[in-house]
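In the working numbering, the protein residues as written are 50 to 151. Beta carbons: idealized from backbone N, C-alpha and C, even for Gly.
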Amino acid sequence: MMADSASIRHTTLRNGTPKEVAEYLKELRANVADPTSITFNLHDAVVRGSIPHSIFSIWIPISDDAKSIIASLSQSGSTHERHAAIRVFLKAMRSEETMTPV
50 MMADSASIRH TTLRNGTPKE VAEYLKELRA NVADPTSITF NLHDAVVRGS
100 IPHSIFSIWI PISDDAKSII ASLSQSGSTH ERHAAIRVFL KAMRSEETMT
150 PV
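Here it is as structure tokens:
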């Protein structure tokens, strides 16, 4: 499954429990080499109002991707998204192993 705009089920993200959303996002993450495309798709959906901002609190740690963290830190459409990225960035700073990619 490719994580393009057609394959990300916004209804699952809107209506699922946090556990269901996390499982779905983990499945998406497992099927792509570069999760940045998912990050941008989710950001666009948040800005359009298709999915709640809280999705980023779940997605950014799951993405485990420096490019996604940086993209979320530098966007201006969602303060919630930026705060979620700050939390993950600060956690990554705790060890050299996790900080190096960022």
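Enumerated in chain order, which unbroken segments of the beta strand (DSSP E) with a length of 3 residues or greater are wholly contained in the stretch 52–82? The qualifying runs do not exist here; there are none.
Going by C-alpha to C-alpha distance, which of N64, I109 and H59 sits closest to A141? Measuring C-alpha to C-alpha distances from A141 to each of N64, I109 and H59 identifies I109 as the nearest.
Which residues in the same chain have their Cβ closer than 8 Å to the Cβ of I135, if we skip the five residues on either side of it in sequence? Closer than 8 Å at the Cβ level, and outside the excluded window around I135, lie L122.
Identify which residue in D114, I100 and N64 has its Cα closest to the Cα of A82. It is D114 whose Cα lies nearest to the Cα of A82.
Roughly how many angstroms lie between the CA atoms of I22 and E145, to the nearest whole one? A query on residue 22 cannot be resolved here, the shown segment of the chain reaching from 50 to 151 and no further.
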